[in-house]
Amino acid sequence: MSDREKTAEIGKQGIPASATAPPPNGGLSAWLQVAASFAVFFNTWGVLNTFGVFQTYYETGALFTESSSNISWIGSVQSYCLLLMGLIAGPIYDRGYLRALLVVGSFLIVFGFMMLSLCTTYWQAVLAQGFCIGTGAGLIFVPSLAVLPAYFSTRMGLALGLAASGSSFGGVIYPIVFYKLLQQTSFGWAVRTVGFLALATLLIPLIFMNQRSKPAKARAALDWTAFTDLPFAAFTVSTMVGFIGLYVMLFYISYFAFSSGATNAEMAFYLVPILNVASMFGRTIPNALSDKLGPLNILAPGAIICGALTYALIGVHSLAGIVIITLLYGFFSGVFIALPPVCFVRLTEDKRKVGTRMGMGFATLGFGVLAGGPGGGAILGRGHGLEQNWTQLWVYGGTMAVGSGVLLGVLRMYLTRGKLWVKI
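Going by UniProt numbering, the residue at position 382 of the sequence shown is 382; the numbering climbs one at a time, nothing skipped.
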């Protein structure tokens with residue numbers, strides 16, 4: 001069959017010709033997708049990673065008065081909406097509607113910030129910051145991951161690591177902008193400025209992100225075989241347990257430093273950017289190594305180290321100690337954001353189902369967010385400073401992270417049939 005006949009046959013099947021071509025693993029078009037995904041991470045996980053700053057501000061009672069557990073529901077709803085919307089966004093992406101997802105999602109993020117700037121009560125913040133921004137972020141997050149496997153195969157870990165580092169940049173830029181403007185203007189204008197920054201940076205994926213190929217026909221919104229695929233299901237549950245520990249640290253490390261008297265409010269606000277600066281390297285270096293060593297070989301020990309660092313906070317009350325643990329935790333926790341997408345792709349044999357399965361996987365991880373934020377707040381209890389149950393909180397977060405690492409280690413041994421020096 002000639003090339004022209006092959007092209008005609010492909011057209012009859014409804015598959016773009018580019019879909020049959022192997023991933024280029026480089027080139028301008030491929031790296032533009034990485035840049036666009038970087039901007040999406042900047043405005044999704046980057047925004048979520050900023051919530052620790054909002055938690056600390058809300059705890060002061062300047063906007064409304066609520067318990068730590070209730071306040072954490074705002075960030076947890078935001079994160080859960082991001083992860084849950086993957087169930088919708090994944091199948092929509094598989095049907096070729098990437099542009100619609102980007103437009104609607106970007107609008108909701110910016111609109112949510114503008115509405116948050118007008119909030120004066122708790123329930124208003126839940127709606128604007130929790131549901132609106134979270135839903136918008138969820139619509140664009142999974143597609144930004146699903147678009148990359150069509151452009152990268154052998155360099156998939158590096159590409160996803162570079163894209164995921166956008167969340168660290170967002171977690172550095174957004175809290176600093178918010179806190180500095182909070183000192184100079186008002187809460188409303190600080191949040192509006194953050195919204196304008198989101199609008200400007202979201203133009204990058206709106207202009208450059210491109211779906212290289214799409215399936216020939218629509219498929220079910222859920223891939224029921226994922227529930228019977230033992231490696232995929234076990235990985236998802238194990239990582240969900242790790243997300244519980246991750247969100248305990250992300251939500252409460254800043255408030256812990258301020259509430260325990262280890263530092264003043266200004267330095268407490270800067271702990272979130274410090275964590276995200278370290279996480280920037282933790283989302284690129286491990287991912288680059290995963291191309292050579294395998295993602296599970298990095299994710300499992302990384303989770304255990306995160307748990308150990310959380311336990312260490314039980315005996316640390318000085319600013320220097322908190323900063324050191326924050327830096328180390330930021331680096332090793334980067335694997336929780338950067339490596340799960342790599343694993344979802346590798347554990348999905350039919351690559352045409354990547355969008356759907358990735359959405360299902362992240363939706364499951366969302367339950368870990370709910371157990372980590374509000375669950376941690378309930379353990380912490382009311383009061384102030386060392387009167388609160390900080391030891392119990394760190395034990396809770398540390399145990400979940402270590403448990404995740406152990407479960408991932410068991411899965412790794414199952415997949416390799418007990419072999420140690422195997423890439424997996």
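Don't be surprised by glycine CBs; every beta carbon is placed ideally from N, CA and C. Computed from a prediction, not measured in an experiment: that's the story for all the values here.
Under 8 Å between the Cβ atoms of residue i and residue j?
i      : j      : result
Phe107 : Ile133 : no
Phe41  : Ser167 : yes
Val342 : Asn287 : yes
Cys306 : Phe269 : no
Met209 : Gln33  : yes
Ser79  : Pro374 : no
Ala164 : Leu148 : no
Tyr329 : Leu309 : yes
Leu84  : Gly136 : no
Gly242 : Ala401 : yes
Gly334 : Arg283 : yes
Pro205 : Leu347 : no
Tyr396 : Gly366 : no
Ile424 : Leu289 : no
Leu199 : Val177 : no
Tyr151 : Pro340 : no
Ser404 : Thr239 : yes
Tyr255 : Glu59  : yes
Where do the N-terminal and C-terminal ends of the alpha helix (DSSP H) with residue i fall, by residue?
i      : result
Trp421 : Premise fails: Trp421 is in no alpha helix (DSSP H) and is neither H nor E.
Asp291 : 285 to 293
Gln129 : Careful: Gln129 lies outside any alpha helix (DSSP H) and carries neither H nor E.
Arg346 : 319 to 346
Lys180 : 156 to 184
Gly46  : 45 to 48
Ile314 : Here Ile314 belongs to no alpha helix (DSSP H), and DSSP marks it neither H nor E.
Arg357 : 354 to 380
In this structure, how does DSSP classify residue i when only helix, strand and coil are distinguished?
i           : result
Asn210      : coil
Trp390      : helix
Asp223      : coil
Ala262      : coil
Pro149      : helix
Cys119      : coil
residue 436 : An answer regarding residue 436 cannot be provided, because it is not within the stretch 1 to 424 covered by the chain.
Tyr97       : coil
Thr60       : coil
Ala30       : helix
Lys6        : Residue placement at Lys6 is poorly supported in this model, since its pLDDT is 40, which falls under 50; the coordinates still yield a value, given next. Three-state result, Lys6: helix.
Met240      : helix
Asn25       : coil
Met1        : For Met1, the predicted structure reports a pLDDT of 46, less than 50, and the residue's modelled location is therefore unreliable. The matter cannot be settled from this model.
Met400      : helix
Met249      : helix
Tyr414      : helix
Met114      : helix
Gly409      : helix
Met280      : helix
Met267      : helix
Ser18       : Since pLDDT at Ser18 reaches only 44, below the 50 mark, its modelled position is unreliable, and the value read off the structure follows with that caveat. DSSP places Ser18 in helix when its eight states are reduced to three.
Gln13       : Residue confidence is low: Gln13 scores 37 on pLDDT, short of 50, so the model does not pin down where it sits. No coordinate-derived value is stated.
Relative to the alpha-carbon of residue i, which residue among the options has its alpha-carbon at the smallest distance?
i      : options                        : result
Gly195 : Leu87, Val47, Ser259           : Val47
Gly75  : Tyr247, Ala338, Arg283         : Tyr247
Ser279 : Ala128, Phe336, Leu87, Gly245  : Phe336
Gly170 : Ser72, Pro273, Phe362, Gly381  : Pro273
Gln392 : Val345, Lys423, Ile314, Leu420 : Ile314
Ala111 : Phe131, Tyr93, Arg99           : A small correction: the amino acid at residue 111 is Phe; Ala does not occupy that position in the sequence shown. That would be Phe131, whose Cα lies nearest to the Cα of Phe111.
Val77  : Phe51, Asp94, Tyr97, Tyr57     : Phe51
Leu327 : Thr263, Leu275, Leu87          : Leu275
Ile244 : Ala303, Leu145, Thr201         : Ala303
Ala39  : Ile207, Lys419, His317, Ser318 : Ile207
Met267 : Leu181, Phe251, Trp189, Ile322 : Ile322
Thr416 : Gly294, Arg212, Leu160, Leu380 : Gly294
Thr364 : Val277, Phe344, Lys353, Val406 : Phe344
Arg212 : Ala62, Arg352, Val410          : Arg352
Thr394 : Leu420, Tyr311, Gly105         : Just to set this straight, residue 394 is Trp in the shown sequence, not Thr. Nearest of Leu420, Tyr311, Gly105 to Trp394, Cα basis: Tyr311.
Thr263 : Glu66, Leu319, Gly361, Ala62   : Leu319
Leu407 : Phe235, Ala257, Tyr93          : Phe235
Trp45  : Pro301, Val103, Ile109, Phe187 : Ile109
Gly157 : Ile285, Val142, Leu63          : Ile285
Could you tell me whether any non-hydrogen atom of the ligand FAD is closer than 7 Å to the CB of residue i?
i      : result
Ala278 : The ligand FAD is absent from the structure shown, which contains no ligands of any kind.
Quick one: is residue i near chain C, going by C-beta distance under 8 Å?
i      : result
Val191 : Going by chain labels, chain C is absent from the structure shown, which holds only one protein chain.
Cβ contact check for the segment 349 to 360 and the segment 221 to 234: 3 or more pairs under 8 Å: yes
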